[in-house]
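Numbering-wise, the sequence shown is residues 0 to 334 according to numbering that gives the first Met the number 0. One structure is given below, encoded as structure tokens.
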Amino acid sequence: MKIAIVDGNPLLWRAVEIFANLRTKTGIPTGCLFGAMTGLIRGLKDTKVDSYVVCWDVGKSRWRRELSPIIKWTEINCAGEEIKRTKGYKWDREESSDPLPIPYEAIQHQFGIVQKLIAYAGIPQFGVQGVEADDLVGILSSGFSQLGNHVVLLSSDHDFHQLINERVTQYDPVAKKWWDIPEVKHKNVGLEPHQLNELKAIIGDGGDCIVGVKGLGPSGVAKIFKRFGNLEIALHPDNQDEIRKMGKKFEQFPEKHDVIRLSYQLVTIPTVDNHSQLNQDEVRDFQKQLVMQYERIPLLFAGLADQYELTRLDMDILFRDPPSFQGFEKWFPSS
Numbered sequence: 000m001k002i003a004i005v006d007g008n009p010l011l012w013r014a015v016e017i018f019a020n021l022r023t024k025t026g027i028p029t030g031c032l033f034g035a036m037t038g039l040i041r042g043l044k045d046t047k048v049d050s051y052v053v054c055w056d057v058g059k060s061r062w063r064r065e066l067s068p069i070i071k072w073t074e075i076n077c078a079g080e081e082i083k084r085t086k087g088y089k090w091d092r093e094e095s096s097d098p099l100p101i102p103y104e105a106i107q108h109q110f111g112i113v114q115k116l117i118a119y120a121g122i123p124q125f126g127v128q129g130v131e132a133d134d135l136v137g138i139l140s141s142g143f144s145q146l147g148n149h150v151v152l153l154s155s156d157h158d159f160h161q162l163i164n165e166r167v168t169q170y171d172p173v174a175k176k177w178w179d180i181p182e183v184k185h186k187n188v189g190l191e192p193h194q195l196n197e198l199k200a201i202i203g204d205g206g207d208c209i210v211g212v213k214g215l216g217p218s219g220v221a222k223i224f225k226r227f228g229n230l231e232i233a234l235h236p237d238n239q240d241e242i243r244k245m246g247k248k249f250e251q252f253p254e255k256h257d258v259i260r261l262s263y264q265l266v267t268i269p270t271v272d273n274h275s276q277l278n279q280d281e282v283r284d285f286q287k288q289l290v291m292q293y294e295r296i297p298l299l300f301a302g303l304a305d306q307y308e309l310t311r312l313d314m315d316i317l318f319r320d321p322p323s324f325q326g327f328e329k330w331f332p333s334s
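What follows is the structure in structure tokens.
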């Protein structure tokens, strides 16, 4: 079976700007709703999958924030001026001052409607409090692929490239581009998908405020991996003198082991084989969602079709048999 796993939140947030002015006759904002549903349907048409699952962010990542909490402090520069500093995982998301084109409450309301529409179509949805959608995508994609399915990650997020393998590909619905192992290697100086979390651990990730080793880029990391094989060997104390001798830009690497190890934890997406980052409550919540029966409500959904301008073809695409989660009990036994 060919299963798409959809990163849900970007479907809505991408539509905030594009369809900001879209409203009903009574003035209710519907741009996020329209953009999300049309984006979902378009992506499913492009990928031609048999079934699909949607994952949602529910709150901030608990375990990443515990590893890298947001810390604020003030420094005095040489001119005696106060400079406010902040560090921590995704700290800039907390301090973003960019105005939204519509009130946040209107966006949040449309999130709820989209999730209801997807539920009416019988599509499985996963969202665990304190767990990012990325982590749920990683767990589900690795599980489905190990159970013999072909998985398509429906997302523009390059963070998912680390999950790509012989049974997992990625489709970017914005660029309309497919990503597989050769494409990932071509984009990342020959590095395999499973090496990308090690790459980002060293060079950092500005988008998520994850610190790396200053001066080192992908080509420098590729040289380290070519010499030592993987990150763990490169971090071994016996190899640090050799790394220093590789050139000036490598001199900081031996001094940044703690930073690299922390960054590696932050950028690594959990899988069914390694989900120790989740606590018991989060695992239990995920277990409950695995065993839920997703019932179809076609009459109720059909009644909404005209309201949201969905065609018969769109509904046929949405109403497909949901995937089987049989086999996940080996990794997440239900209590």
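Ideal placement from N, C-alpha and C gives every residue a C-beta, glycine not left out.
Query                                                                                                                                                                        : Result
Valine 113 and methionine 36: beta carbons closer than 8 Å?                                                                                                                  : yes
DSSP three-state call for phenylalanine 125: helix, strand or coil?                                                                                                          : strand
Am I right that lysine 222 and methionine 245 are in contact with their C-beta atoms under 8 Å? What's the rounded C-beta distance?                                          : 7 Å
Quick one: using the 10 Å Cβ neighbour count with 16 as the cut-off for buried, is glutamate 197 buried or exposed?                                                          : buried
The alpha helix (DSSP H) with cysteine 31 in it runs from where to where?                                                                                                    : 30-46
Would you say tryptophan 178 faces chain B, with C-beta separation under 8 Å as the test?                                                                                    : In summary, chain B is missing from the structure at hand, where a single protein chain is found.
Under 8 Å: do the stretch 226-240 and the stretch 177-187 share three or more Cβ pairs, one atom per stretch?                                                                : no
Where are the alpha helix (DSSP H) runs, 4 residues long or more, that stay fully inside the stretch 168-196, in chain order?                                                : 180-186
Taking Cβ positions, are glutamine 128 and glycine 58 nearer each other than 8 Å?                                                                                            : yes
List the DSSP bridge partners of serine 50.                                                                                                                                  : Ile2
Relative to the C-alpha of proline 253, which candidate in Leu261, Phe110, Arg243 has its C-alpha closest?                                                                   : Arg243
Alpha carbon to alpha carbon, how far is serine 67 from glycine 203?                                                                                                         : 14 Å
So which of Phe331, Asp156, Phe324 has the shortest CA-CA distance to proline 9?                                                                                             : Asp156
Spatial neighbours of asparagine 148 within its chain, please: CB distance less than 6 Å, with the 5 preceding and 5 following residues excluded, ordered by chain position. : Met0, Ile2
In angstroms with no decimal places, state the Cα-to-Cα distance between threonine 46 and glycine 38.                                                                        : 12 Å
Say the cut is 7 Å; is the CB of glutamate 65 nearer than that to a heavy atom of the ligand MN?                                                                             : Judged by which ligands are present, the structure shown has none, so any question about the ligand MN falls away.
Which one of Arg13, Gly7, Leu43, Pro123 has the shortest CA to CA distance from valine 52?                                                                                   : Pro123
If I measure Cβ to Cβ from aspartate 315 and keep anything under 8 Å in the same chain, skipping five residues before and after, which residues do I get?                    : none
Assuming leucine 135 is part of the alpha helix (DSSP H), what are its boundary residues?                                                                                    : 132-145
Distance, Cα to Cα, glutamine 161 vs aspartate 280?                                                                                                                          : 26 Å
Which same chain residues, not among the five before or five after valine 130, have their C-beta less than 6 Å away from its C-beta?                                         : Glu281
Output the distance between the C-alpha atoms of serine 262 and glycine 87, rounded to the nearest integer angstrom.                                                         : 11 Å
How is lysine 83 classed by DSSP in three states: helix, strand or coil?                                                                                                     : strand
Can you say whether tyrosine 103 is buried or exposed, counting buried as having 16 or more other CB atoms within 10 angstroms of its CB?                                    : exposed
Could you pull the DSSP bridge partners for valine 150 from this structure?                                                                                                  : Ile2, Val167
From the DSSP output, read off the bridge partner residues of lysine 71.                                                                                                     : Thr85
Using only CA atoms, which one of Pro322, Ser333, Trp330 lies nearest to glycine 121?                                                                                        : Pro322
By how many angstroms is the C-alpha of glycine 228 removed from the C-alpha of glutamate 16?                                                                                : 44 Å
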